[in-house]
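Heads up: the sequence lines are chains C and H, in that order.
Numbering-wise (the working numbering), the first sequence opens with residue 39 and increments by one.
Numbering-wise (the working numbering), the second sequence opens with residue 68 and increments by one.
Below is one structure, written out as structure tokens; the observations come after it.
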Amino acid sequence: MKAVGNTARLWLPPLLLIILLLGLWQLAADTGFLAGALGLEDFLVPSPGQIGEVLWQDRSLIAENAEVTLVEILAGFGIALVVGVGVATALHFSELLRRASYPVVVASQTIPIIVIAPILVVWFGYGIGPKLAVIALICFFPITVNTLDGLRSVDPDSVKMLRTLYAGKSQIFRRVEAPAALPYLFSGAKIAVAVAVIGAVFGEWAGSERGLGHLMLQDNAQLMTARLFASVAVLSLIAILLFTLIGLAERALLRWR
Amino acid sequence: MTVSLSGRGVGHSFGDLTVLDGLDFEARPGEVLGLVGPSGCGKSTLLELIGGLRQPDRGRIEIDGKEGEDARLERCAWMPQKDCLLPWYTALDNAGLALRNLGRSKGEARAEAGLLFDRFGLAGFEQSRPDQLSGGMRQRVAFLRTLVSRKDVLLLDEPFASLDAITRAELQEWLLPVLDEKDHTVVLVTHDVEEALYLSDAVLALTSRPGRVAASMKAPSTTGFPREQVVTDPGFTERREELLALLRQSSPSIAGGAR
Ligand SMILES: Nc1ncnc2c1ncn2[C@@H]1O[C@H](COP(=O)(O)OP(=O)(O)O)[C@@H](O)[C@H]1O
Ligand SMILES: [Mg+2]
């Protein structure tokens, strides 16, 4: 009973705020106030109700495309996770490697995705390849940098203590460095999924035949504004869902915190 | 097996900061050597030097006649000033770390460390996480973790400094027979003169930084008597005051008494 009360207290305020904002939007759209203020035709400024309607009518089309985008996000994020943790571990163990490649890791983040995405499409075509590359590229940085910070966050006294208790490098890694890095890894992963969604849309905009980003481009060209908004809503939902899933995994794995 | 421990002209600096200077010390096999001195005089550094976690800039430290860094690391188990219990392990798994590092299975490590839990009043807390334990229990688990390694030399860095006076006295009384019964050679760092005299066979007082030997004193025999009786015994208090006076002379900052 108390837990239910706490959950409600946690979720109620944001929920109420969202409902309030949607209500205001609905009102502003229905009365034509919003379109008038923007100097636009009414159909260009859909109300939440209209968006919901389109979402329902075109549910199979939207779901089809959402699935494509979700697969891209999961695969791209997965690649970044494996590569990022691998790279962070390698950099942690080799001072030389760290000094040599840290600038490259940082540089990887300064590449404007919007610029590189079209190039990747030219190289790899309209398939899933370029999307995975774009998503993995932007997910790579937060995962790698956070994991590396985590591996180096260990109390040096704990390492010394373990050394006097027969631990070698790999045991020190297993027993203190990796567990200490885990919370950092999760923080990085949360940032990464949020940007992964943006990466997927950019990747699809650069060239694609399917996916929510692709659908948005089409709808934009045909002034199907309500469905455009519907796609945005679904994308946000995907981001929130993945973020929540990682949060749950974090809580399950980091019981000691 | 018991081993001897000795240092000759040991000195160490961090950059321009000379922390220890020309230190001589000796512990016979099975002896408990107490190290007292004001904060910052290099006690923790000295323990790390002895344990092979650092190499001294000057002088030599030998354990059982061997001088190398690795040879010392091989023989010493170190209990750091902070307990350094790992929050992702249970109390039992923390205590069994040395055995796991030696390649024993989880089950074997738990069984062996578990025996000591019973003997040291920690029964029932095997599955507790470190943050669920009281300060006194944490120190006991940290000490067990050190003991379980079965190393010849134990290096204890202010094991009870973080505890309240009552718990500290309790743990001192608990530790004394443990140190007596096992034949470890022990170096015990503390800033508490009374604790040093109570637990050690010999006490070395260090000056403020750079740490040098201010005095060396044999401690009275304390085994077998209740702690209260020992620390109020005139012979004991006399030596305590003597040691305090020596420390006060050599390091003005400690004036103010035993703490
Ligand atoms: N790794 C280090 N690098 C630089 N200075 C250090 C380091 N460790 C300790 N010191 C300095 O050496 C002095 C002695 O420290 P320490 O051995 O911890 O003293 P104590 O344990 O007696 O309080 C202090 O002034 C401390 O700041
Ligand atoms: Mg210290």
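Even for Gly, the Cβ is constructed at its ideal location relative to N, Cα and C.
Between the segment 149-162 of chain H and the segment 106-119 of chain H, the count of Cβ pairs shorter than 8 Å is below three; the stretches do not touch.
Under the Cβ distance rule, THR213/H counts among the residues neighbouring chain C, one pair being separated by less than 9 Å. Nearest neighbour of GLY206/C by Cα position, chosen from VAL280/H, GLY132/H, GLU115/H, ALA165/H, turns out to be ALA165/H.
Using a 10 angstroms sphere on the CB of ILE157/C, the tally of other CB atoms stays under 16, which defines it as exposed.
Chain H places a beta carbon closer than 9 Å to that of PRO217/C, counting this residue as a contact. Per the coordinates, the alpha-carbon of PHE71/C lies some 17 Å from the alpha-carbon of ALA264/C.
Across the set ALA287/C, ILE278/C, LEU253/C, the C-alpha of LEU253/C shows the shortest separation from the C-alpha of SER98/C. A straight-line Cα-Cα distance of about 48 Å links ARG190/C and GLY90/C.
Annotation: the segment 218-265 of chain C contains the following complete segments of the alpha helix (DSSP H) (minimum length 4 residues), in chain order: 250-259.
For a cut-off of 8 Å, the C-beta gap from PHE281/C to PRO84/C is around 26 Å, too long to register as a contact. In summary, GLY291/H is exposed, with fewer than 16 beta-carbon neighbours lying within 10 Å of its beta-carbon over all protein chains present.
Residue-level contact check: MET254/C does not touch chain H, since none of the beta carbons of chain H fall below 9 Å from its beta carbon.
Contact between MET284/H and VAL270/H holds, with the beta-carbon distance rounding to 5 Å and staying under 8 Å. In the assembly as shown, ALA232/H is an exposed residue. Its beta-carbon has fewer than 16 other beta-carbons within 10 Å. The set of residues with a C-beta under 5 Å from any non-hydrogen atom of ligand 1 comprises PHE81/H, VAL86/H, SER106/H, GLY107/H, CYS108/H, GLY109/H, LYS110/H, SER111/H, THR112/H, given in chain order. CA-to-CA, the gap between ASP91/H and LEU266/H works out to about 21 Å. Under the Cβ criterion (8 Å, minimum of three pairs), the segment 184-191 of chain H counts as touching the segment 201-216 of chain H.
Within chain H, the residues placing a beta-carbon under 9 Å from that of LYS198/C are GLU115, GLY118, LEU120, TRP145, PRO147, CYS151, ordered along the chain. When rounded, the separation of the alpha-carbon atoms in PRO52/C and ARG276/H is 58 Å.
ILE89/C: member of the alpha helix (DSSP H) spanning 86-95, first to last residue.
By the 16-neighbour rule on beta-carbons within 10 angstroms, THR112/H is buried. ARG139/H sits buried, since 16 or more C-beta atoms from the chains shown fall within 10 Å of its C-beta.
Taking one beta carbon from each stretch, the segment 114-122 of chain C and the segment 176-189 of chain C have 3 or more pairs nearer than 8 Å; the two touch.
Using a cutoff of 8 Å, the CB of GLU225/H counts as near ligand 2, since one of the ligand's heavy atoms is closer than that. Judged by DSSP in its simplified three-state form, ARG95/H adopts coil rather than helix or strand. For ILE151/C, the closest alpha carbon among the candidates LEU175/C, ALA138/C, THR107/C is that of LEU175/C. With respect to the C-alpha of LEU286/C, the residue from GLU79/C, THR148/C, PRO221/C, VAL233/C having the closest C-alpha is PRO221/C.
Counting only runs of 4 or more residues that sit fully inside the segment 255-306 of chain H, the alpha helix (DSSP H) segments are 260-266, 294-299, in chain order.
For the segment 296-311 of chain H, there are no residues whose beta carbon sits under 7 Å from a beta carbon of chain C.
The Cβ-Cβ distance between PRO287/H and ARG315/H does not fall below 9 Å.
Under the Cβ distance rule, ASP96/C does not count among the residues neighbouring chain H, no pair being separated by less than 9 Å.
Inter-segment contact for the segment 124-131 of chain H and the segment 233-246 of chain H is absent: fewer than three beta-carbon pairs are separated by less than 8 Å.
TRP161/C sits exposed, since fewer than 16 C-beta atoms from the chains shown fall within 10 Å of its C-beta. Around the C-beta of GLN260/C, fewer than 16 other C-beta atoms lie within 10 Å, and the residue is accordingly described as exposed. Of all C-beta pairs linking the segment 193-210 of chain C to the segment 132-143 of chain C, fewer than three are shorter than 8 Å, placing the two stretches out of contact. Residue pairing by DSSP places CYS143/H opposite VAL220/H in a beta bridge.
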